[in-house]
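Engineer: Right, I'll just put the structure down here and ask away after.
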Amino acid sequence: MKYSYVQLNDLPDEILMIIFKKLPKTEVLYSLLGVNKRLNKILHESVFTNDLPLLMYTSNGLVYSLPDSILDRFFSHILPKIHQKIEWLHLESGSMERILLATNYPNLYAISLYNIQPKTAMDLLTNETSVISTLKNQLLSLTIDISTQGLQGCQSNNNAIIFNLIFAMFTNLQSLNFGRSSLYDERLFFCMTRPTVFSTNLLELHICLETFYDCLYLLNGHFNQLRTLYVDVGVIFSSNRRVNNTKKLPTLKCFRLQCNSMTSVYDELVVPLLHRMINLEKLDLYINVGERKTFFDGNDLKMNIIDHMSQLNKFTFNIRSLSSFYNEINLPSNENIQKTFRDFNDKQIIYWADYFPERKKGHYRIYSYPYKWKYYDDITNNFPGEIFKYVRTVSFYDERRFEDEFFFHLESLSMERILRVTNYPNLYGISLHNIQEKTAVDLFTDETSIIRTLKNQLLSLTTIDISTDRTQHDLINNNAIIFYRIFTMFPNLQYLNFGPSSIRDEQLSFFFTRLTVISTNLLELHVSLTSFYDCLYLLDGHFNQLHTFYIDLVIIGYLNRRVNNMKKLPT
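Quick note on this note's numbering: the sequence shown kicks off at 86 and runs consecutively.
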């Protein structure tokens with residue numbers, strides 16, 4: 086440490102600033118604030134103190150509290166020295182109260198709260214003596230991630246109540262990010278509790294909603310000064326609920342709509358909403374459309390969207406469609422599609438299509454490049470391949486099943502080609518759908534498999550529908566081998582969904598193959614099992630950090646097998 090200090094002290098201030106900016110702020114302040122006057126002066130610069138994250142982020146976006154040893158130093162020495170410079174705090178719910186009580190923050194205008202439980206959030210927002218109520222006239226920006234830990238049902242109503250309470254307490258709020266801590270937490274849903282808030286101050290809103298109608302509710306006069314709206318919608322469907330979808334939205338300048346599920350009412354619901362945004366300057370559209378007779382191309386986007394937005398200067402999109410109206414013959418070529426974008430001079434448009442004979446549907450995707458979304462779903466053998474630095478999870482799909490061993494190998498090569506043809510520097514999740522049994526075995530047992538290059542990178546894996554023509558005994562045995570190899574290949578795996586075959590619905594069983602699977606990193610497991618004893622086997626010390634476990638069982642009955650069913654499962 087002394088040698089490192091001497092080396093730092095020999096460097097000019099400009100070089101130290103460059104070095105410190107590349108390091109996490111929390112580590113720099115924890116290690117160097119208070120060492121000497123020179124470093125103190127540098128570390129009091131706004132770049133290190135204005136926006137302060139007092140938590141830890143994992144590579145896949147999970148949030149944890151800082152260790153107590155680090156927090157103690159911040160409470161006693163660091164925060165009291167820089168409190169007047171702090172404008173934005175990023176806090177984890179476990180340490181939030183101690184941090185806010187450590188000192189006063191006269192210039193604080195923004196807070197981000199993560200991993201907060203619904204009950205805790207409601208207590209904070211209804212208790213006039215809560216630590217956060219002292220900031221009710223001060224806060225202009227709030228980010229709040231409600232964590233329900235996968236519990237469903239009444240949470241939706243809680244989230245709507247919390248949403249209303251936020252605006253009741255923070256009357257000057259200009260920006261709100263109302264998010265979810267994970268994919269399995271509840272979206273905001275106004276079916277039981279309608280939004281009662283009206284704010285003339287809110288300018289920016291980021292929100293995850295259950296339905297498209299919830300979006301229409303929010304835009305029905307509740308925020309008449311809203312300029313920026315980023316909305317992630319669970320489903321877009323037609324309903325008998327009546328909500329105004331005609332009134333113009335002249336203040337809205339930036340809009341982003343994302344919906345991962347398939348919708349068949351894009352033209353009936355989404356297009357009319359876009360037509361209301363007459364002064365929109367920026368539009369991001371990520372949507373999946375099913376059974377649409379009209380093809381998405383440059384002409385369609387111009388006629389239905391661009392011509393209705395005279396101020397639009399930035400338009401990015403990612404549109405997937407699956408339709409029975411298109412087959413191998415009438416799917417348009419890439420050349421014809423590109424011609425329709427001749428007026429899009431500043432954009433590179435990527436288009437590719439495929440036809441699935443079993444489903445009798447044409448599948449096509451069209452998007453603006455570079456691809457900036459976190460998900461890339463249903464990659465097939467026609468995938469063109471590019472570099473996706475923003476993509477975090479991908480899924481592969483191929484319905485083509487072959488009888489011949491040569492074609493089994495060819496299918497394996499196709500997946501290898503898809504994995505090799507592109508680059509995903511931030512990838513942490515893969516989903517494999519309709520994968521052949523032999524391909525799966527090769528993929529997870531072959532030492533030269535391309536997927537091994539992701540061994541330290543992959544945190545989430547889904548394997549759905551392992552199809553086969555073999556006997557049930559062979560498949561069950563191979564399933565256990567594949568399950569075992571997944572954990573030996575991916576030691577950092579935190580999430581696994583290990584699905585059955587769609588042909589014979591063969592579940593995982595450890596009766597024939599007692600392989601020792603141990604992981605201290607797995608947090609969530611979804612699996613189809615043959616018997617209750619297979620469930621007990623997995624819970625017998627194999628995954629000691631598991632906190633979420635979803636199982637689908639064939640039988641629950643007595644068998645002549647001894648498995649520990651006494652040990653507590655505290656995690």
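C-beta atoms are modelled at their ideal positions from N, C-alpha and C, and glycine is treated no differently.
These numbers were taken from a predicted model, which means no experiment stands behind them.
Is I292 helix, strand or coil by DSSP?
Structural biologist: In this structure, I292 counts as strand in the three-state DSSP scheme.
Engineer: From W173 to I251, what does the alpha carbon distance come to, in whole angstroms?
Structural biologist: 18 angstroms
Engineer: Can you name, in chain order, every residue of its own chain whose Cβ lies under 7 angstroms from the Cβ of F275, other than the five neighbours on each side?
Structural biologist: A245, D299 and Y302
Engineer: Could you tell me whether the Cβ atoms of Y199 and R158 are closer together than 8 angstroms?
Structural biologist: no
Engineer: Assuming contact is defined by CB atoms lying nearer than 8 angstroms, are I201 and I229 in contact in what I supplied?
Structural biologist: yes
Engineer: Tell me where the alpha helix (DSSP H) around T111 begins and ends.
Structural biologist: K110 to L117
Engineer: Can you have a look at K446 and say buried or exposed, based on whether 16 or more other CB atoms are within 10 angstroms of its CB?
Structural biologist: buried
Engineer: Compute the Euclidean distance between the alpha carbons of F400 and D369, then round it to the nearest angstrom.
Structural biologist: 6 angstroms
Engineer: Relative to the alpha-carbon of N421, which residue among L407, W437 and S409 has its alpha-carbon at the smallest distance?
Structural biologist: W437
Engineer: DSSP three-state label for R123, please.
Structural biologist: In the structure shown, R123 adopts helical secondary structure according to DSSP, grouped into three states.
Engineer: In its own chain, which residues sit with a C-beta less than 6 angstroms from the C-beta of M67, not counting the 5 before and 5 after it?
Structural biologist: Because the chain in this structure spans residues 86 to 656, residue 67 falls outside the shown range and cannot be described.
Engineer: Please name the residue in V132, Q310 and D625 whose C-alpha comes closest to that of N364.
Structural biologist: Q310
Engineer: Do L258 and S218 have their CB atoms nearer than 8 angstroms?
Structural biologist: no
Engineer: Give the DSSP-derived three-state secondary structure of E488 in the structure shown.
Structural biologist: Note that E488 scores a pLDDT of 33, beneath 50, so its modelled location is shaky and nothing firm can be said.
Engineer: Quick one: which unbroken beta strand (DSSP E) runs of 3-plus residues sit fully inside the region 316-348? Chain order, please.
Structural biologist: 339-348
Engineer: Could you work out which residue in C620, Y452 and L546 is closest to L607 when comparing CA atoms only?
Structural biologist: L546
Engineer: Rounding to the nearest angstrom, what Cα-Cα distance links M394 and S408 in this structure?
Structural biologist: 28 angstroms
Engineer: Where are the alpha helix (DSSP H) runs, 4 residues long or more, that stay fully inside the region 189-272, in chain order?
Structural biologist: At a cut-off of 4 residues, the continuous stretches assigned as alpha helix (DSSP H) that sit fully inside the region 189-272 are 203-211 and 240-254.
Engineer: In its own chain, which residues sit with a C-beta less than 6 angstroms from the C-beta of F105, not counting the 5 before and 5 after it?
Structural biologist: V113
Engineer: Closer than 6 angstroms by C-beta to K338: which residues in its own chain qualify, once you throw out the five before and the five after it? Chain order, please.
Structural biologist: R312 and E366
Engineer: Considering only C-alpha positions, which residue in the set I390, E177, N192 and H175 is nearest to I167?
Structural biologist: N192
Engineer: Determine the contact status of I538 and G584, defining contact as a CB-CB distance below 8 angstroms.
Structural biologist: Rather than Ile, the amino acid found at residue 538 in this sequence is Thr. Cβ atoms of T538 and G584: not closer than 8 angstroms.
Engineer: If you follow the beta strand (DSSP E) that P138 is in, where does it begin and where does it stop?
Structural biologist: D136 to L139
Engineer: Within a Cβ cutoff of 8 angstroms, which residues of the same chain sit near P165, ignoring the five residues on either side of it in sequence?
Structural biologist: Excluding sequence neighbours, P165 sits near A187 and T188.
Engineer: Secondary structure at D637, three-state DSSP: helix, strand or coil?
Structural biologist: strand
Engineer: Start and end of the alpha helix (DSSP H) containing K106?
Structural biologist: Looking at the DSSP string, the run of the alpha helix (DSSP H) that includes K106 is D98 to K106.
Engineer: Quick one: using the 10 Å Cβ neighbour count with 16 as the cut-off for buried, is A206 buried or exposed?
Structural biologist: buried
Engineer: Going by Cα to Cα distance, which pick from P455, R361, S349 and I321 is closest to K333?
Structural biologist: R361
Engineer: Would you kindly work out how many angstroms separate the C-alpha atoms of I196 and S226, rounded to a whole number?
Structural biologist: Each residue's CA atom was taken as its position, placing I196 and S226 some 7 angstroms apart.
Engineer: So, under 8 angstroms CB-CB, I321 and V350 are touching, yes? Tell me the CB distance rounded to an integer number of Å.
Structural biologist: 6 angstroms
Engineer: With distances taken between CB atoms, is the gap from V328 to I292 smaller than 8 angstroms?
Structural biologist: Not closer than 8 angstroms, so no.
Engineer: According to DSSP, what are the bridge partners of K446?
Structural biologist: F441
Engineer: Can Y513 and L543 be called in contact, C-beta distance under 8 angstroms?
Structural biologist: yes
Engineer: Over what stretch of residues does the alpha helix (DSSP H) that includes V356 continue unbroken?
Structural biologist: V356 to H360
Engineer: Run through DSSP, which three-state label would L301 get?
Structural biologist: helix
Engineer: Less than 8 angstroms separating the beta-carbons of S406 and R444?
Structural biologist: no
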